[in-house]
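Number of protein chains: 4
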Amino acid sequence: MANTFGCIFRITTFGESHGKAIGGIIDGCPAGVKLNLDAIQEALANRKPGQSVYTSSRKEGDNVELLSGVFDGLTLGTPIGFTIPNEDARSDDYTQLKDLYRPSHADYTYEVKYGHRDHRGGGRSSARTTASVVVAGAIAKQFIAQYYTNRILPEVLVYVSQIGEIPSKCTTEKVIQSQIYTNPLRCPDEKAAKQMADLITTIKQQGDSIGGIISGEIRNAEAGLGEPLFNKFQSALAAAMFSINAVHGFEFGSGFQGTQIPGSISNDEFIIQDGQIRTKTNYSGGILGGITNGMPITFRVAFKSTSTIASLQSTINRDREPVELEAGGRHDPCVLPRAVSIVEAFCWIILADMILLNKSAKLDQ
Amino acid sequence: MANTFGCIFRITTFGESHGKAIGGIIDGCPAGVKLNLDAIQEALANRKPGQSVYTSSRKEGDNVELLSGVFDGLTLGTPIGFTIPNEDARSDDYTQLKDLYRPSHADYTYEVKYGHRDHRGGGRSSARTTASVVVAGAIAKQFIAQYYTNRILPEVLVYVSQIGEIPSKCTTEKVIQSQIYTNPLRCPDEKAAKQMADLITTIKQQGDSIGGIISGEIRNAEAGLGEPLFNKFQSALAAAMFSINAVHGFEFGSGFQGTQIPGSISNDEFIIQDGQIRTKTNYSGGILGGITNGMPITFRVAFKSTSTIASLQSTINRDREPVELEAGGRHDPCVLPRAVSIVEAFCWIILADMILLNKSAKLDQ
Amino acid sequence: MANTFGCIFRITTFGESHGKAIGGIIDGCPAGVKLNLDAIQEALANRKPGQSVYTSSRKEGDNVELLSGVFDGLTLGTPIGFTIPNEDARSDDYTQLKDLYRPSHADYTYEVKYGHRDHRGGGRSSARTTASVVVAGAIAKQFIAQYYTNRILPEVLVYVSQIGEIPSKCTTEKVIQSQIYTNPLRCPDEKAAKQMADLITTIKQQGDSIGGIISGEIRNAEAGLGEPLFNKFQSALAAAMFSINAVHGFEFGSGFQGTQIPGSISNDEFIIQDGQIRTKTNYSGGILGGITNGMPITFRVAFKSTSTIASLQSTINRDREPVELEAGGRHDPCVLPRAVSIVEAFCWIILADMILLNKSAKLDQ
Amino acid sequence: MANTFGCIFRITTFGESHGKAIGGIIDGCPAGVKLNLDAIQEALANRKPGQSVYTSSRKEGDNVELLSGVFDGLTLGTPIGFTIPNEDARSDDYTQLKDLYRPSHADYTYEVKYGHRDHRGGGRSSARTTASVVVAGAIAKQFIAQYYTNRILPEVLVYVSQIGEIPSKCTTEKVIQSQIYTNPLRCPDEKAAKQMADLITTIKQQGDSIGGIISGEIRNAEAGLGEPLFNKFQSALAAAMFSINAVHGFEFGSGFQGTQIPGSISNDEFIIQDGQIRTKTNYSGGILGGITNGMPITFRVAFKSTSTIASLQSTINRDREPVELEAGGRHDPCVLPRAVSIVEAFCWIILADMILLNKSAKLDQ
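Shown next as structure tokens:
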């Protein structure tokens, strides 16, 4: 339901932006996975604020503490409970916002739905909650790495491909993991990355914010993953992506462009390549009928501009009176660089879940 | 899981394209809803094939039979089981396809996943299965109509807004339900509809297929619907849309375009209008933090071109040998007109589910 | 939720006693299982009414029709939809009961909960709905038989061990399947069975009803099945059993008797027997910490007397007036013989589900 | 699934007996509930060890920390994450047990299932995990108290009614809450309580353990709660009870005794009493067709003797060699007094869940 994601490999999260801690429970991770805590911490480091001038100056150690489910370095098959303390929560920054409904924030909707809300830092609606997803993703990744012992490992490539109007020039197929983290923009095209950085600097100076597109590609996923009808690989991916703050669009394979390409072109002809069943083109984005076909799974995620801006804005308060608002709190002028690790985490979680679900697909599995 | 959609108002479906019947079970529909069978049948009629030259010539009565859950015309609160017979299944058309993997169809992926597949008409991967969704949507709609007795009813407007490169000129806000069904294209812009019809005719003559975009708008949905974090209103919508055959993209509110609009513009200022809390603009598409804010919920769904085309195609067979394929079976050169009712059905199902889930949001609900 | 049982191997049922049909959807049965329809029909025959003078005279063919999920005799991995028509529903027998609340029936509670009920034959609360469980159980059994190709097959023994005050003398360990169906009482102790039959005949003549106990033993279940904490093997069994009409008690292993046996006696010492890890005694009933240990899983299910009796009873009607009631409708003076196949079916369903869930327990599974 | 209980009001738990902490996430608690932390702590105090000579000498503060979901003293409608540290874990006591399979413990079955286990204090199979259930129960109770503002509150009475062969003489209907906690045995019959205390003292001196029966009665539950078919009120209760360590039996209403009572006696005649619909007798235990009828919900839970005893026992080790075992670790000679609060907690959780589920039962709810 609301705070649980996944069927077998499942993450349930809790936490508000300025509460004592955020955290979660990962249930369904198989026993016997050797957990590398540093790798989890590293994934969190990629998401955490305060890494560069392009992101929020909130300083969080984001030190995860695993409380259960692991013994002698191996997972037990029991739930992995974990917490991440909220350290640098400057709740006072938000006092003036207590009775306001910030434009394009969830203040009003949380209040309507629940009658009572934690106004500090956006409460539960804060992107801070995605740190728990990153923890689960890092564990899913380790499970998968140890699961495919004698096979080519799936690889998840996620990077910033557009900020505002500035596109990356790199061709998806050529991106490699090591290129992504060479700049704080998480854009493998160094030249574009520089332009993007300049744009964000300008936007920040203007007290404004900007959106962009994150592209992803899952390589070497085995064919057969995905559960039709309603838990198709793309449905799981989409549901995940739209749970991330500021995401307003998702497409895979030929996406919105494909609406104009006739079937005679966009149909992906099956061929044999290096002894493997492949398709000549990949308009399908690696998924047919909701099930992976062994080709790269390609997708793009559209993020709108951050709602928190430093400019003066008009809005209303609880008493339905018009008020002026100058944003307090720290924020990201552009969330995309930090969102890369969230998108990646979800890919690993979905892969892990689909791999485990697939064990029940056939009698002789 | 795979074949169940929804949390409280839930639909579980079964059926292959050429099996004895398709159908499903609707569980969680409250008791006391007066069911109008004609309205269900009418919704099915909007989806069914053979309605115009622009759709497949398969002739299905699509006569739904409700087997349970209704007594004396009212729902019982017990599961509503229903079946829709497969009448005009010409399975022989598919015999030659038994050992082939049709390009961009799910033949190969179903075979990899399950080891055994029903090749006739695409089996479970056929869009025929969506008829069961339409039944559930029609029932959800009736529940909602009777639930909001003294309030403005939510309205779901879904229509074809683009076929290939031909866009509709109509502005979403001005579309009204009655305009949508005045032409077989389900496009409220009569002029564009004519051009679209011409395009499909040409495409069909060429033995080709084409995609397009369906736009939707849910009006008068109450504020407060949607379950953060992972069952946000947009996550549910997206998961639903990506379960529909040929859907490759989904966006809501400002969508992909919004990635280039700075926050100072795309932030929706709260105002009081006619005594109601509204926003001046609606870049958020009616959803903030996963919860509806009372503004119209706007979204767009991208459909790729149908995979079944009448031209000669190259592919491989089970023995991994290259083969030529001339498509048998009847098919739609463009699925969008028929898909309108599927998209609409999901909107009603999600609304119903979110309304029921919302009853537990507050102590004093 | 309410009408779905199981996690991976799942059955969702629908249907009222006198509606057009009952039925269900089995989701999660792996592909490639060779389905023997006769075996399913045979399981239904064991449950159906009208088999002997000891059961209801309602005559139902209970002919199941599989509508999907099977092709060329093999399961497809897709949902198996099925229906069983209601043929011999004499709804008129129930007209006089329309406004009454029969003692110990669900008439009143369904009306309070749902506001509207199908009074005919008990509607959804009728034991007739259990026929769908029997179908699922028969399919689960076939899956298991084909899953354990090179191993000893699990065996499920379920039989009547007590009717009223008459116990069966047979020792559980010595009961074999073939003995159970040699008499219509489903009691492997022929002598006790005769006494039970006499008791039921007397009870029936008196227009009364009687309860009893069904014992079960699952042999050769592999060690490791069951999902702690809340889906322990015994929790699943208990939830299943208490869903069966008239069940008021469940115990496994040492059960209620075990409350008086000190740990020094009831602790089951581990030993090696024939190269296998076994326990010297089996007070644990084959389950430790919610997980099977390879020993026989033993349990007992208590059924109260049937609520429908032929004697005059006092009760109230909808207008809260006292009324006299002489039962119409056909009924079983003792439900136990027919319930045997329902209990057995649930055992197979739970085994199948736990086997599939167990595939995700370990990294190297 | 395994570590989650409930449908809407849901508790997911984590934690091993000797890990850093145990804890859980309560999801689905409505917003606006005023939380009294002392009341939660008090419920934990009733369960915690070291309270009397009759229970384990392990000393745990059991100080729960709520990490989220509460703001300004009111629930937010967001998940309530909480932890309870493990303070007095003497893991060294268990070192000698690392390679043994203790009789009637879950050592062997966890190892078979997961391949890897935390041997310290029973790991996840320890009853220590039930503390998280108690937290959820205490919160559910507060929700219910605030939900029924103008109605008679449901009351949950749970007490020890038998230890070994010593029954309590008290009649269930006359037990009142205040009598239960007047002695450390949680037995409202003072005289029986003294005998029970003597028995446990003797049993403890003998290095042995003993079981017993806990009785429960839920009074003033509204009619209409429970979700047929598979989430009947009794199914939920039973699944919950069998998740508690050492529980081997559950019965409600007439239970096992009722198998011998003819329908003419056990049918509960409906009457009007004080203007309310009631039944003359209550063999049904307050539940008809899985739905509460407004009468007291009565049940009994059978606990076997604790598996940990201080006497010498024979068993085998991982190398399948016979070994002698003298139990280390602290334990309860009789778990029933502490289990009372666990049983009670589940009753509140189930009530809360069924109340929230019931909000969707009728159109006009």
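Chains as they are written, first to last, in the working numbering: chain V, 125 to 489; chain G, 125 to 489; chain B, 125 to 489; chain A, 125 to 489. Cβ atoms here follow ideal geometry from the backbone N, Cα and C, with glycine treated the same way. The model shown is predicted, which means the values in this text are computed figures rather than measured ones.
Measure how close the beta-carbons of residue i and residue j come, nearest whole angstrom, since I'm counting them as under 8 Å.
i       : j       : result
G288(B) : F427(B) : Not really, about 11 Å apart at Cβ, beyond 8 Å.
G373(G) : F470(V) : Not really, about 18 Å apart at Cβ, beyond 8 Å.
M478(G) : G350(G) : 6 Å
For residue i and chain V, any beta-carbon pair shorter than 9 Å?
i       : result
I135(B) : no
T532(B) : The requested residue 532(B) is not part of the displayed model; chain B covers only 125 to 489.
Y225(B) : no
A363(G) : yes
S359(B) : no
G315(B) : Residue identity check: residue 315(B) is Lys in the sequence provided, not Gly. So, not an interface residue.
E279(A) : no
For chain A, find out if any of its Cβ atoms is closer than 9 Å to the Cβ of residue i; answer yes or no.
i       : result
P291(G) : no
G152(G) : yes
G156(G) : yes
T199(G) : yes
F195(V) : yes
C131(B) : yes
With a threshold of 8 Å on Cβ separation, who are the neighbours of residue i within its own chain once the five nearest residues in sequence on each side are excluded?
i       : result
Q473(A) : According to the sequence as given, residue 473(A) is Ile; it is not Gln. Taken in chain order, the residues that qualify are F129, G130, F133, I135, V257, A260, G261, A264, A364.
K183(G) : P173, G174, E211, D212
Within 9 Å (strictly less), CB to CB, does residue i reach chain G?
i       : result
F376(B) : no
Q489(A) : yes
T202(B) : yes
S367(B) : no
L309(V) : no
P420(V) : no
K483(V) : no
Give every residue of the same chain whose Cβ lies closer than 6 Å to the Cβ of residue i, excluding the five residues on either side of it in the sequence, and list them in chain order.
i       : result
S176(G) : P308
Y272(G) : none
A251(G) : N369
S292(G) : S285, C311, D313, A316
9 Å is my cut-off, CB to CB: does residue i come that close to chain B?
i       : result
M478(G) : no
R248(G) : yes
K298(V) : no
Using a Cβ-Cβ cutoff of less than 7 Å, which residues in the same chain neighbour residue i once the five nearest sequence positions on both sides are dropped?
i       : result
G201(A) : P154, A155
K404(B) : D392, E393, I395
G413(A) : P352
N344(G) : I276, L277, P278, E279
Do we get a CB-CB distance below 9 Å when we pair residue i with the residues of chain D?
i       : result
K144(A) : Annotation note: the requested chain D is absent from the structure, which comprises protein chains V, G, B and A.
May I have a chain-ordered list of the beta strand (DSSP E) segments no shorter than 3 residues that lie completely inside the region 138-205 of chain B?
145-151
List in chain order: all unbroken beta strand (DSSP E) runs of 3+ residues lying wholly within the region 312-389 of chain V.
336-343, 371-376
Segments of 3+ residues assigned as beta strand (DSSP E) that fall wholly inside the region 260-291 of chain B
279-287
Counting only Cβ-Cβ distances shorter than 7 Å, please list the residues of the region 228-246 of chain V near chain G, keeping chain order.
S228, H229, A230, Y232, T233, Y234, V236, K237, Y238, G239
Could you pull out every unbroken beta strand (DSSP E) segment of at least 3 residues lying fully inside the region 412-444 of chain B, listed in chain order?
421-427, 436-441
What are the residues of the region 261-272 of chain B that lie near chain V, defined by any Cβ-Cβ distance shorter than 9 Å?
F267, Q270, Y271
Using a beta-carbon distance cut-off of less than 9 Å, what residues from the region 172-191 of chain V approach chain A?
E189, L190, L191
Check each residue of the region 331-360 of chain B: if its Cβ is closer than 7 Å to any Cβ of chain V, include it; give the result in chain order.
none
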